[in-house]
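Heads up: the sequence shown runs through residues 7 to 190, numbered per my numbering.
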Amino acid sequence: MRFQSLRLARCALVVALCVVSSLFSRYAQGVVPFSVLPFVVVLSGWLLRPQEAFWSLSAYVLLGLLGLPVFASPPFGGPTYLFKPTFGFLLGFILGAFLISALKDKKFFRRSILGVIFLSELGMLIIYLPGLFYLWLAFSLFMGRPIGFNQVLQIGFYPFLGFDVVKAFLAGMLFWKTKDRIAA
(Lines of atoms letter the chains of each structure in order from A; the text may use other names.)
(Lines give C-alpha, C1' and ligand atoms only; values in the text may rest on other atoms or scores of the structure.)
Protein backbone atom coordinates (compact mmCIF):
# COMPACT_ATOMS: atom_id res chain seq x y z
CA MET A 7 0.00 0.00 0.00
CA ARG A 8 2.86 2.39 0.81
CA PHE A 9 4.30 1.89 -2.68
CA GLN A 10 1.05 2.94 -4.37
CA SER A 11 0.73 5.95 -2.08
CA LEU A 12 4.24 7.08 -2.98
CA ARG A 13 3.53 6.80 -6.69
CA LEU A 14 0.27 8.72 -6.31
CA ALA A 15 2.02 11.41 -4.27
CA ARG A 16 4.71 11.85 -6.94
CA CYS A 17 2.06 12.19 -9.64
CA ALA A 18 0.09 14.69 -7.59
CA LEU A 19 3.27 16.69 -6.97
CA VAL A 20 3.93 16.92 -10.71
CA VAL A 21 0.36 18.10 -11.36
CA ALA A 22 0.74 20.73 -8.63
CA LEU A 23 4.08 21.88 -10.07
CA CYS A 24 2.47 22.19 -13.50
CA VAL A 25 -0.31 24.35 -12.09
CA VAL A 26 2.10 26.56 -10.14
CA SER A 27 4.47 26.96 -13.09
CA SER A 28 1.62 28.00 -15.38
CA LEU A 29 0.72 30.75 -12.92
CA PHE A 30 4.13 32.36 -13.50
CA SER A 31 3.30 32.99 -17.16
CA ARG A 32 -0.19 34.41 -16.70
CA TYR A 33 0.94 37.90 -17.69
CA ALA A 34 2.67 36.88 -20.91
CA GLN A 35 1.91 38.61 -24.19
CA GLY A 36 1.54 36.99 -27.61
CA VAL A 37 -0.11 33.86 -28.94
CA VAL A 38 2.24 31.45 -27.15
CA PRO A 39 3.17 32.44 -23.58
CA PHE A 40 6.64 32.06 -22.12
CA SER A 41 6.43 29.47 -19.37
CA VAL A 42 8.41 27.51 -16.80
CA LEU A 43 6.19 24.54 -17.55
CA PRO A 44 8.54 22.92 -20.13
CA PHE A 45 11.20 22.72 -17.38
CA VAL A 46 8.71 20.90 -15.13
CA VAL A 47 7.71 18.58 -17.97
CA VAL A 48 11.30 17.57 -18.78
CA LEU A 49 12.12 17.10 -15.10
CA SER A 50 8.98 15.00 -14.56
CA GLY A 51 10.10 12.72 -17.38
CA TRP A 52 13.31 12.07 -15.49
CA LEU A 53 11.70 11.63 -12.09
CA LEU A 54 8.62 9.53 -12.90
CA ARG A 55 8.01 6.15 -14.47
CA PRO A 56 6.58 6.27 -18.02
CA GLN A 57 2.97 5.60 -17.04
CA GLU A 58 3.24 8.05 -14.13
CA ALA A 59 4.61 10.75 -16.43
CA PHE A 60 1.87 10.12 -18.96
CA TRP A 61 -0.96 10.14 -16.43
CA SER A 62 0.38 13.10 -14.44
CA LEU A 63 0.57 15.37 -17.47
CA SER A 64 -2.72 13.99 -18.79
CA ALA A 65 -4.35 14.79 -15.44
CA TYR A 66 -3.04 18.36 -15.64
CA VAL A 67 -4.50 18.80 -19.13
CA LEU A 68 -7.77 17.15 -18.12
CA LEU A 69 -8.14 19.44 -15.07
CA GLY A 70 -7.79 22.41 -17.39
CA LEU A 71 -10.26 21.06 -19.92
CA LEU A 72 -12.77 20.44 -17.14
CA GLY A 73 -12.69 24.14 -16.37
CA LEU A 74 -10.16 24.64 -13.60
CA PRO A 75 -8.05 27.73 -14.34
CA VAL A 76 -4.70 25.91 -14.61
CA PHE A 77 -3.49 26.96 -18.06
CA ALA A 78 -1.16 29.87 -18.79
CA SER A 79 -3.32 32.00 -21.08
CA PRO A 80 -6.99 33.09 -21.14
CA PRO A 81 -9.49 31.55 -20.70
CA PHE A 82 -7.11 29.57 -18.39
CA GLY A 83 -9.28 26.45 -18.64
CA GLY A 84 -12.44 24.90 -20.03
CA PRO A 85 -13.29 22.85 -23.12
CA THR A 86 -12.92 25.88 -25.39
CA TYR A 87 -9.18 25.58 -24.80
CA LEU A 88 -9.27 22.79 -27.41
CA PHE A 89 -9.63 25.53 -30.03
CA LYS A 90 -6.74 27.66 -28.80
CA PRO A 91 -3.61 27.62 -30.96
CA THR A 92 -1.50 26.58 -27.96
CA PHE A 93 -3.42 23.40 -27.10
CA GLY A 94 -0.98 21.28 -29.11
CA PHE A 95 1.82 22.24 -26.74
CA LEU A 96 -0.20 20.70 -23.91
CA LEU A 97 -0.36 17.47 -25.89
CA GLY A 98 3.38 17.81 -26.48
CA PHE A 99 3.94 18.04 -22.72
CA ILE A 100 2.34 14.63 -22.29
CA LEU A 101 4.40 13.10 -25.10
CA GLY A 102 7.66 14.76 -24.07
CA ALA A 103 7.48 13.61 -20.44
CA PHE A 104 6.48 10.10 -21.51
CA LEU A 105 9.32 9.84 -24.05
CA ILE A 106 11.98 10.97 -21.59
CA SER A 107 10.66 8.58 -18.96
CA ALA A 108 10.46 5.67 -21.40
CA LEU A 109 14.02 6.14 -22.68
CA LYS A 110 15.81 7.24 -19.50
CA ASP A 111 16.83 3.75 -18.44
CA LYS A 112 18.76 3.06 -21.63
CA LYS A 113 22.49 2.89 -20.87
CA PHE A 114 23.48 5.82 -23.05
CA PHE A 115 21.00 8.24 -21.54
CA ARG A 116 21.42 7.46 -17.86
CA ARG A 117 25.15 6.83 -17.56
CA SER A 118 26.57 9.94 -19.14
CA ILE A 119 25.88 13.60 -18.66
CA LEU A 120 25.79 14.02 -22.44
CA GLY A 121 23.10 11.36 -22.66
CA VAL A 122 21.01 13.11 -20.02
CA ILE A 123 21.35 16.44 -21.79
CA PHE A 124 20.62 14.90 -25.19
CA LEU A 125 17.45 13.16 -23.95
CA SER A 126 16.31 16.33 -22.17
CA GLU A 127 16.69 18.33 -25.39
CA LEU A 128 14.99 15.56 -27.38
CA GLY A 129 12.06 15.66 -24.95
CA MET A 130 11.83 19.42 -25.46
CA LEU A 131 11.79 18.91 -29.23
CA ILE A 132 8.95 16.40 -28.85
CA ILE A 133 6.93 19.11 -27.07
CA TYR A 134 7.29 21.32 -30.12
CA LEU A 135 6.12 18.80 -32.74
CA PRO A 136 2.42 18.57 -31.82
CA GLY A 137 2.55 22.16 -30.57
CA LEU A 138 3.62 23.63 -33.89
CA PHE A 139 1.35 21.36 -35.90
CA TYR A 140 -1.66 22.31 -33.78
CA LEU A 141 -0.69 25.98 -33.99
CA TRP A 142 -0.83 25.75 -37.77
CA LEU A 143 -4.07 23.75 -37.62
CA ALA A 144 -5.76 26.23 -35.27
CA PHE A 145 -4.87 29.22 -37.41
CA SER A 146 -5.88 27.46 -40.62
CA LEU A 147 -9.09 25.73 -39.50
CA PHE A 148 -10.42 27.29 -36.31
CA MET A 149 -9.41 30.91 -36.86
CA GLY A 150 -9.74 30.98 -40.65
CA ARG A 151 -6.33 32.63 -41.11
CA PRO A 152 -4.10 30.15 -42.96
CA ILE A 153 -0.42 30.65 -42.19
CA GLY A 154 2.69 29.12 -43.67
CA PHE A 155 5.38 26.99 -42.08
CA ASN A 156 7.74 29.94 -41.60
CA GLN A 157 5.01 31.95 -39.83
CA VAL A 158 4.33 29.01 -37.52
CA LEU A 159 8.02 28.92 -36.61
CA GLN A 160 8.07 32.69 -36.06
CA ILE A 161 5.08 32.51 -33.70
CA GLY A 162 5.73 29.30 -31.78
CA PHE A 163 9.37 28.26 -32.16
CA TYR A 164 12.00 30.94 -32.73
CA PRO A 165 11.11 33.20 -29.78
CA PHE A 166 11.21 30.26 -27.36
CA LEU A 167 14.02 28.07 -28.67
CA GLY A 168 16.89 29.58 -26.69
CA PHE A 169 14.98 29.66 -23.42
CA ASP A 170 13.69 26.12 -23.87
CA VAL A 171 17.15 24.76 -24.67
CA VAL A 172 18.33 26.28 -21.38
CA LYS A 173 15.30 24.93 -19.49
CA ALA A 174 15.89 21.40 -20.82
CA PHE A 175 19.59 21.66 -19.99
CA LEU A 176 18.84 22.81 -16.43
CA ALA A 177 16.26 20.06 -15.89
CA GLY A 178 18.76 17.47 -17.14
CA MET A 179 21.51 18.86 -14.93
CA LEU A 180 19.22 18.88 -11.89
CA PHE A 181 18.40 15.24 -12.52
CA TRP A 182 22.09 14.39 -13.09
CA LYS A 183 23.11 15.99 -9.79
CA THR A 184 20.37 14.23 -7.81
CA LYS A 185 19.98 10.91 -9.65
CA ASP A 186 21.80 8.88 -7.00
CA ARG A 187 19.50 10.20 -4.27
CA ILE A 188 16.18 9.53 -5.94
CA ALA A 189 14.53 6.27 -6.95
CA ALA A 190 12.12 6.50 -9.85
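Idealized CB from N, CA, C, for every residue including glycine.
Limits of the unbroken alpha helix (DSSP H) element including residue i
| i | result |
| --- | --- |
| LYS183 | 164 to 184 |
| LYS113 | 113 to 117 |
| VAL38 | Where VAL38 is concerned, there is no enclosing alpha helix (DSSP H), given that its DSSP letter is neither H nor E. |
| TYR66 | 56 to 71 |
Of the listed residues the options, nearest to residue i (C-alpha basis)
| i | options | result |
| --- | --- | --- |
| PRO44 | VAL25, PHE99, ALA18, VAL26 | PHE99 |
| GLY154 | GLY168, LEU167, PHE166, LEU138 | LEU138 |
| LEU109 | GLY51, CYS24, GLY84 | GLY51 |
| VAL76 | PHE30, LEU159, LEU176, ALA144 | PHE30 |
| PRO136 | PHE148, PHE114, LYS112, PHE95 | PHE95 |
| GLY178 | SER64, ALA103, PHE40, GLN57 | ALA103 |
| PHE93 | LEU54, TYR134, LYS185, LEU12 | TYR134 |
Residue i (DSSP reduced to helix, strand or coil)
| i | result |
| --- | --- |
| PHE30 | coil |
| SER126 | helix |
| PRO85 | helix |
| ALA108 | helix |
| SER50 | helix |
| ALA15 | helix |
| GLN10 | helix |
| ALA78 | coil |
| PRO152 | coil |
| VAL42 | coil |
| PRO91 | coil |
| ILE100 | helix |
| ILE132 | helix |
| ILE188 | coil |
| LEU23 | helix |
Counted within 10 angstroms of its Cβ, other Cβ atoms place residue i as buried (16 or more) or exposed
| i | result |
| --- | --- |
| ASP170 | buried |
| LYS183 | exposed |
| MET130 | buried |
| PRO85 | exposed |
| ALA22 | exposed |
| PRO91 | buried |
| SER62 | buried |
| VAL26 | exposed |
| PHE166 | buried |
| ILE119 | exposed |
| SER11 | exposed |
| TYR66 | buried |
| VAL172 | exposed |
Closer than 7 angstroms to chain D by CB, residue i
| i | result |
| --- | --- |
| MET149 | Structure shown: chain D not included; a single protein chain is present. |
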